[in-house]
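Numbering (mature numbering (1 follows the signal peptide of the UniProt record, and there is no 0)), first residue to last: -20 to -1, 1 to 251.
In this text, a Cβ means the ideal position worked out from N, Cα and C, and glycines have one as well.
Below is one structure, written out as structure tokens; comments come after it.
Below, the structure is given as structure tokens:
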């Protein structure tokens, strides 16, 4: 009789053990990245005093940027302000951006010096135009990055005064994407997947002084000298432009008439 009771007890223990090892209920999935993003949205954003910042630039902080994951898939939207706070960047907040490189008929590259009013990287030299597509139907179009290119057309006019009809989205060559992160100061920074857009064309310029302090066309040799001066802390260059210049730029520049060989829309360069 004792043996029988022990057997029954053993069977019951085995049944309990099997129940404990059952796989998780598929009807209760793990949180997706978008669900994590929703939790972030409901969290209180850091309180930042903008009283000492340029009024026009502060107004632009309300623009809605496109939030993405590290594969550049859209996961939501947030303000330009929240996207550029280091407190949020440190938590992984990532948004979509673009960098335009315009060359003239002499194959000189158009650079701008960001105005001192800019909130991130004021006074720094950089490529022709760098900004963000907005969370709108038009600028979120994915096919051939047409939404990003429409955003670039908009910002070329806003920053450099290039007439809309002079640069169409279809004229820009979408080369590839880079993923980088950089702090501007203790409060503000960048964390972007940046679409690289090239164009060779003569354009009319009428820069907005609130956006651009100065601009110039440079040869390869002149840019190399600027890079050397930056190493000596004689001038400041934006981190994304510096990364591109130190890796891909000069090879692309050597092949302005044969850029198709460098088009890579499948990979994101982590920098």
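Limits of the alpha helix (DSSP H) - the one that residue i falls within
i	result
residue 225	219 to 225
residue 28	Element bounds for residue 28: n/a, residue is neither H nor E.
residue 230	229 to 233
residue 209	200 to 211
residue 133	126 to 140
residue 37	35 to 40
residue 67	66 to 69
Pairwise C-alpha distance: residue j and residue i
i	j	result
residue 241	residue 177	14 angstroms
residue 91	residue 72	30 angstroms
residue 210	residue 63	27 angstroms
residue 118	residue 127	6 angstroms
residue 246	residue 206	32 angstroms
residue 230	residue 204	10 angstroms
residue 102	residue 238	34 angstroms
residue 115	residue 140	22 angstroms
residue 185	residue 69	34 angstroms
residue 133	residue 148	7 angstroms
residue 112	residue 86	28 angstroms
residue 212	residue 61	32 angstroms
residue 225	residue 153	18 angstroms
residue 169	residue 49	18 angstroms
residue 81	residue 236	11 angstroms
residue 124	residue 195	29 angstroms
residue 52	residue 145	29 angstroms
residue 24	residue 57	Bear in mind that the predicted position of residue 24 carries a pLDDT of just 45, short of 50, making it too unreliable to give a figure here.
residue 208	residue 202	10 angstroms
residue 234	residue 219	22 angstroms
residue 135	residue 67	27 angstroms
Under 8 angstroms between C-beta atoms of residue i and residue j
i	j	result
residue 37	residue 99	yes
residue 93	residue 173	no
residue 47	residue 75	yes
residue 44	residue 59	yes
residue 138	residue 188	yes
residue 254	residue 223	The question about residue 254 has no answer here: the residues shown for the chain are numbered -20 through 251.
residue 151	residue 181	yes
residue 120	residue 54	yes
residue 248	residue 129	no
residue 109	residue 217	no
residue 65	residue 197	no
residue 78	residue 175	yes
residue 221	residue 106	yes
Per DSSP, the bridge partner or partners of residue i
i	result
residue 77	174
residue 45	58, 114
residue 248	157
residue 169	163
residue 194	93
residue 109	80
residue 241	Answer by DSSP bridge pairing: none, since residue 241 is not bridged.
residue 215	Residue 215 is not bridged to any residue.
Residue range of the unbroken beta strand (DSSP E) whose run includes residue i
i	result
residue 92	89 to 94
Supposed contact pair residue j and residue i - C-beta distance, whole angstroms, cut 8 angstroms
i	j	result
residue 232	residue 179	Not quite, the Cβ-Cβ distance comes to about 12 angstroms (not below 8 angstroms), so this is no contact.
residue 167	residue 28	6 angstroms
residue 97	residue 190	5 angstroms
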